[in-house]
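>
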Amino acid sequence: MAKLKLGPIADDKPVKVTVELPAPLHRDLIAVSIACVIAAFPARAGTERTISIATEGASPPWDGTDENGKLYGFDVDVGLELCNRMKVKCSFVAQDWDGIIPALLVGKYDVIMSGMAITDKRKQQIAFSIPYASGFNQFVVRKELGLDAGDTKEQVNLSTIGDKQKTTIERVRSTLSGKAIGVLRSSNSEAVVKQLLGDVVTVRSYDSLDNLKLDLAAGRVDGGLADYFTWRDFLETPDGSSAVFFGPELKGGLWGPGVGAGMRKDDTELVNRFNAAIEAATKDGTIKALSLKWFKADIAPALSK
């Protein structure tokens with residue numbers, strides 16, 4: 002009688018079927034048996050999906066696009082590292098910021114890694130991994146305005162505002178009153194400016210930070226609010242030489258606990274795999290090393306510090 006032996010069944014390996022062949026008259030029956038076994042246990046090798054990751058490609062050092070159209074930056078390097086740890090293939094695509102969540106929801110790609118803060122509002126639409134980075138945001142203003150920048154190293158956590166922080170925010174409000182402040186459309190910075198300063202400044206929303214930077218350099222907007230590291234690199238360029246940091250370092254509040262990878266809510270297996278990879282890359286210092294490479298600062302989540 003024919004004997005079928007099944008090898009171990011794993012997600013990333015094919016099913017091994019060993020057949021001890023009897024007399025030739027029984028081979029047709031064996032072929033049918035093998036087909037049934039294979040149908041019951043689909044082979045996994047070669048069917049592991051390629052994970053498509055979206056990034057804006059316009060906010061270096063988080064993510065940028067070089068002269069050849071290739072995406073680069075911290076988000077891209079971290080994404081490649083996580084995919085390597087998960088033993089899956091990954092591809093990266095560029096997506097405008099204001100459409101980055103809608104395109105995820107309709108299945109254009111599987112993951113968002115674009116310096117996206119984990120917030121309660123976004124969690125109503127999508128799921129997030131654990132944080133793979135932390136950071137803070139800050140205003141910049143045009144030098145020619147001659148504004149008192151205050152203590153640009155003061156840290157204000159909008160989740161825990163005390164009397165000192167309230168005084169700082171009031172000073173920011175009075176100093177920027179009447180000014181035009183640029184922000185990235187659909188960003189947390191846009192929401193924060195509207196929340197804290199909406200009644201005293203003109204809020205100008207841009208489809209990309211590149212366009213905000215162009216208007217800032219040309220004097221068409223008085224200042225802007227965005228990620229600190231995005232501004233730091235810009236201020237070191239000729240176009241950015243006409244602007245300076247203004248006000249305290251801002252975090253918490255609408256910016257949430259940190260930066261995470263966004264996925265569809267029903268993709269729980271992928272979320273769990275990203276979480277495990279992020280935790281491992283944080284514990285062994287890999288994310289810290291990548292953050293030092295791109296930001297010249299350690300913005301790894303607290304786990305590695």
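Residues are numbered in the numbering used here as their position in the sequence shown, beginning at 1, plus a constant of 1. Even glycine gets a Cβ: it sits at the ideal position worked out from N, Cα and C.
(1) Helix, strand or coil, according to DSSP, for K294 in the structure here?
(2) Could you have a look at A262 and say whether DSSP puts it in helix, strand or coil?
(3) To which residues does DSSP link I182 through a beta bridge?
(4) What three-state label does DSSP hand D121 in the structure shown?
(5) Assuming G248 contacts S160 under a Cβ cut-off of 8 Å, what Cβ separation, rounded to an integer in Å, is found between them?
(6) Drop a sphere of 10 angstroms on the beta-carbon of G261, count the other beta-carbons inside from all chains shown, and report buried for 16 or more, exposed for fewer.
(7) Does any C-beta atom of chain D lie closer than 8 Å to the C-beta of L159?
(8) For the pair the segment 148 to 156 and the segment 292 to 303, tell me if three or more CB-CB distances fall below 8 Å.
(9) Between P132, K71, Q126 and A104, which has its C-alpha nearest I288's C-alpha?
(10) Can you look up L105 in the DSSP assignment and give me helix, strand or coil?
(11) My parser needs the alpha helix (DSSP H) runs of 4 or more residues fully inside the segment 57 to 116; what are they?
(12) Kindly indicate which residue of I162, L198 and R186 has the alpha-carbon position closest to the one of T176.
(13) My output table needs one value for G241: the three-state DSSP class, helix, strand or coil.
(14) Just how far apart, CA to CA, sit D211 and L217?
(15) What does DSSP give as the partner residues of I54 in its beta bridges?
In brief:
(1) Taking the sequence shown and counting its residues from 1, the one referred to as residue 294 is at position 293. The DSSP-derived three-state label of K294 is helix.
(2) One-based indexing of the sequence shown puts residue 262 at position 261. In this structure, A262 counts as coil in the three-state DSSP scheme.
(3) Position 181 of the sequence shown, counted from the start, is the residue given in the question as residue 182. Paired residues: V204 and G224.
(4) As a working mapping, residue 121 is identified with position 120 in the sequence shown. Secondary structure of D121 (DSSP, three-state): helix.
(5) Within the sequence shown, the letter at position 247 stands for residue 248. Within the sequence shown, the letter at position 159 stands for residue 160. The Cβ separation is near 18 Å, so there is no contact.
(6) Here residue 261 refers to the residue found at position 260 when the sequence shown is read from its first residue. Under this definition G261 is a buried residue.
(7) Although the question refers to chain D, the structure presented lacks it and comprises just one protein chain.
(8) No, because fewer than three Cβ pairs between the segment 148 to 156 and the segment 292 to 303 fall closer than 8 Å, the two stretches do not touch.
(9) Counted from its first residue, the sequence shown places residue 288 at position 287. Answer by Cα proximity: P132.
(10) Here residue 105 refers to the residue found at position 104 of the sequence shown. Here L105 sits in helix by DSSP.
(11) Runs of the alpha helix (DSSP H) spanning 4 or more residues and lying entirely within the segment 57 to 116 occur at 75 to 87 and 101 to 106, in chain order.
(12) Mapped onto the sequence shown, residue 176 falls at position 175. The shortest C-alpha separation from T176 is found at L198.
(13) On the sequence shown, residue 241 is found 240 positions in, with the first residue counted as 1. Three-state DSSP puts G241 in a helix.
(14) Your numbering for residue 211 matches position 210 in the sequence shown. Your numbering for residue 217 matches position 216 in the sequence shown. Distance between the alpha carbons of D211 and L217 is about 10 Å.
(15) Within the sequence shown, residue 54 is the residue found at index 53, counting from 1. BP columns for I54 point to F93 and V112.
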